[in-house]
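Below you'll find the structure, written out as structure tokens, and then a few comments.
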Amino acid sequence: MTENFKPKITLFHCINAFGDADELALNGKDTCEIQTVKMACSSMVKDVFLLRAFEAGADGVVVLVCPEGQCRFLEGNIRAKKRVAWVQNLLDEIGLDGRRLSLGNMAAGDNAAADQTINNLLKNLAEVGPNPAV
Amino acid sequence: MIVGEQKPIAEIKAIIAPYKKILIMGCGTCVKTCFAGGEDEVAVLASALRLACKKDGQDIEIEEITVERQCEDEFIQEGAPAVSRNEAVLSLACGAGVQALARRFVKTPALPGVNTTFIGVLEKQGVFTEECSGCGNCGLAVFGGICPVTRCAKKLLNGPCGGSQNGKCEVNPDTDCAWQLIIERLRILGQMDNLRIYIPPKNWQPSLSGGPRKMVREDHMI
Numbered sequence: 002m003t004e005n006f007k008p009k010i011t012l013f014h015c016i017n018a019f020g021d022a023d024e025l026a027l028n029g030k031d032t033c034e035i036q037t038v039k040m041a042c043s044s045m046v047k048d049v050f051l052l053r054a055f056e057a058g059a060d061g062v063v064v065l066v067c068p069e070g071q072c073r074f075l076e077g078n079i080r081a082k083k084r085v086a087w088v089q090n091l092l093d094e095i096g097l098d099g100r101r102l103s104l105g106n107m108a109a110g111d112n113a114a115a116d117q118t119i120n121n122l123l124k125n126l127a128e129v130g131p132n133p134a135v
Numbered sequence: 065m066i067v068g069e070q071k072p073i074a075e076i077k078a079i080i081a082p083y084k085k086i087l088i089m090g091c092g093t094c095v096k097t098c099f100a101g102g103e104d105e106v107a108v109l110a111s112a113l114r115l116a117c118k119k120d121g122q123d124i125e126i127e128e129i130t131v132e133r134q135c136e137d138e139f140i141q142e143g144a145p146a147v148s149r150n151e152a153v154l155s156l157a158c159g160a161g162v163q164a165l166a167r168r169f170v171k172t173p174a175l176p177g178v179n180t181t182f183i184g185v186l187e188k189q190g191v192f193t194e195e196c197s198g199c200g201n202c203g204l205a206v207f208g209g210i211c212p213v214t215r216c217a218k219k220l221l222n223g224p225c226g227g228s229q230n231g232k233c234e235v236n237p238d239t240d241c242a243w244q245l246i247i248e249r250l251r252i253l254g255q256m257d258n259l260r261i262y263i264p265p266k267n268w269q270p271s272l273s274g275g276p277r278k279m280v281r282e283d284h285m286i
């Protein structure tokens, strides 16, 4: 990865798990640029939205959802998990690398978990590099 | 409904490779229901292809449209302006839909994006199962509503082969023995005497043999 690579990350998050990207320890630091997309429930994540985030220039995409068994809409986080897995396979198929997309479970307010998920994605992006389709 | 499966992206990329401007046309009926070619699938495929082509440095413009039913001229003519703007149409309909496009838009290549597989039903969430072979001579009244032509691996018409184990087919242990299902159903219906009816060797002429079949209804022709 080039030294100047500052990944652009689109963060889809359930508003029940996570409130504000400003609360992220990573936000504002010179590690990445984060754009957020709020959802009433993580089940609102659709495969096309994830792909369009990459079309719009994201190097990586993170989906933050509630822990399994704690979704207030019961199965929303399970649906999100399956859709993320589907798109990861699709990204592998088209040669963009599925590691650009990740899902993280976090209990409400556990911003350390959110930071951890984003940190893991940044490690993957350091290996795969900028989005080649931009 | 007709069940189909979208072709692998690599195969679709190869099919559309000669073209710079394509229209992806979805169908809002059978293939939408089996998640192969509805409006959502058109959007996903278009996005994936744009990403894939851009990554490879290929120029491509992709337009998206979905019509109610691609096997009917009345609906596909709504797509005529979009078809005229593009070099080729990548159809996510079943084979009938692709050919309907080819018949209507003679000068525009109609390319298949879906492999049409079978006539079936939604067995449970996310699972589609073949139920009908289109044999052209339905005997479901005798078989308690379960088709041995489609669901028996050996297409037996006069009872089980005797090779099933625990209700599963000896050819494919993931498949229920159709004849066990038939017998259980006939028992519920009180129609076990149907098993005494001798079914002669099937005449396959009404089925897929000797070229495309045609059905004519003169009473609907003006």
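Residue numbers (my numbering), protein chains in the order written: chain Z, 2 to 135; chain X, 65 to 286. Note that beta-carbon positions come from the ideal geometry of N, C-alpha and C, so glycine has one too.
Considering only beta carbons, the part of the segment 81-94 of chain Z lying closer than 7 Å to chain X consists of Leu91 and Glu94, in chain order.
Close partners of Glu69 of chain Z in chain X (Cβ separation under 7 Å) are lacking, with about 18 Å as the shortest Cβ gap.
Neighbours of Ala100 of chain X in chain Z, taken as residues whose beta carbon is under 9 Å from its own, are absent, since the nearest beta carbon is some 14 Å off. Under the 10 Å beta carbon count, Gln189 of chain X is surrounded by fewer than 16 other beta carbons and is classified as exposed. Residue burial is scored here from C-beta neighbours: Val64 of chain Z has at least 16 other C-beta atoms within 10 angstroms and is therefore classed as buried. DSSP places Asp111 of chain Z in the coil class of the three-state scheme, outside both helix and strand. Residues of chain X whose Cβ lies closer than 7 Å to the Cβ of Ala134 of chain Z are, in chain order, Leu115, Lys118 and Lys119. Using a Cβ-Cβ cut-off of 7 Å, Val108 of chain X is close to Asp48, Val49 and Leu52 of chain Z, given in chain order. Bridge pairing for Ile246 of chain X: absent [DSSP]. When only Cα atoms are considered, Pro276 of chain X and Ala160 of chain X end up about 12 Å apart.
Here DSSP, grouped into helix, strand and coil, assigns Gln36 of chain Z to strand. For Leu253 of chain X, same chain residues with a beta-carbon under 7 Å away, outside a window of 5 residues either side, are Gly208 in chain order.
Apart from the 5 residues on each side of it in sequence, Phe99 of chain X sits with its Cβ closer than 7 Å to the Cβ of Glu105 in its chain, given in chain order.
Put simply, the CB of Gly96 of chain Z is near chain X, with a gap under 8 Å to one of its CB atoms. Look at Ala160 of chain X here: in three-state DSSP terms it is helix. About 6 Å separates the Cβ atoms of Asn17 of chain Z and Arg73 of chain Z, confirming a contact at the 8 Å cut-off.
Scanning the segment 137-197 of chain X for uninterrupted beta strand (DSSP E) segments of 3 residues or longer gives 152-155, 174-176, 178-188 and 191-196, listed from N- to C-terminal end. A contact between stretches requires three or more CB pairs, one per stretch, nearer than 8 Å, and the segment 119-133 of chain Z fails this requirement with the segment 84-104 of chain X. Rounded to whole angstroms, the gap between the alpha carbons of Gly274 of chain X and Gln229 of chain X is 37 Å.
Per DSSP, Cys211 of chain X is not a residue of any beta strand (DSSP E), being assigned neither H nor E.
For the pair Leu104 of chain Z and Val66 of chain Z, the CB atoms are nearer than the 8 Å cut-off. For Ala112 of chain X, the residues of chain Z that pass the 7 Å Cβ criterion are Leu52, Leu91 and Ile95, in the order they occur in the chain. Three or more Cβ pairs drawn from the segment 120-137 of chain X and the segment 159-178 of chain X lie within less than 8 Å of each other, which places the two stretches in contact. For Met285 of chain X, the secondary structure class from DSSP, reduced to helix, strand or coil, is coil.
Ranking Z:Leu75, Z:Asn5 and Z:Val88 by CA distance to the CA of Ser44 of chain Z puts Z:Leu75 first.
Taking the Cα of Gly177 of chain X as reference, the smallest distance to any Cα among X:Asp283, X:Pro264, X:Gly102 and X:Arg249 is reached at X:Gly102.
Closest in C-alpha terms to Glu194 of chain X, from the list X:Leu175, X:Asn179, X:Gly200 and X:Arg215, comes X:Arg215.
Exclusion of the five residues before and after Gly92 of chain X leaves Gly102, Glu103, Thr130, Val131, Glu132 and Arg133 as the residues of its chain whose Cβ lies within less than 8 Å of its Cβ. Secondary structure at Gln122 of chain X: coil, using DSSP grouped into helix, strand and coil. Within the segment 66-97 of chain X, the residues whose Cβ lies closer than 8 Å to any Cβ of chain Z are, in chain order, Pro72, Ile73 and Ala74.
For Glu76 of chain Z, no alpha helix (DSSP H) encloses it, and the DSSP letter there is neither H nor E.
Taken through DSSP and simplified to helix, strand or coil, Ile263 of chain X comes out as coil.
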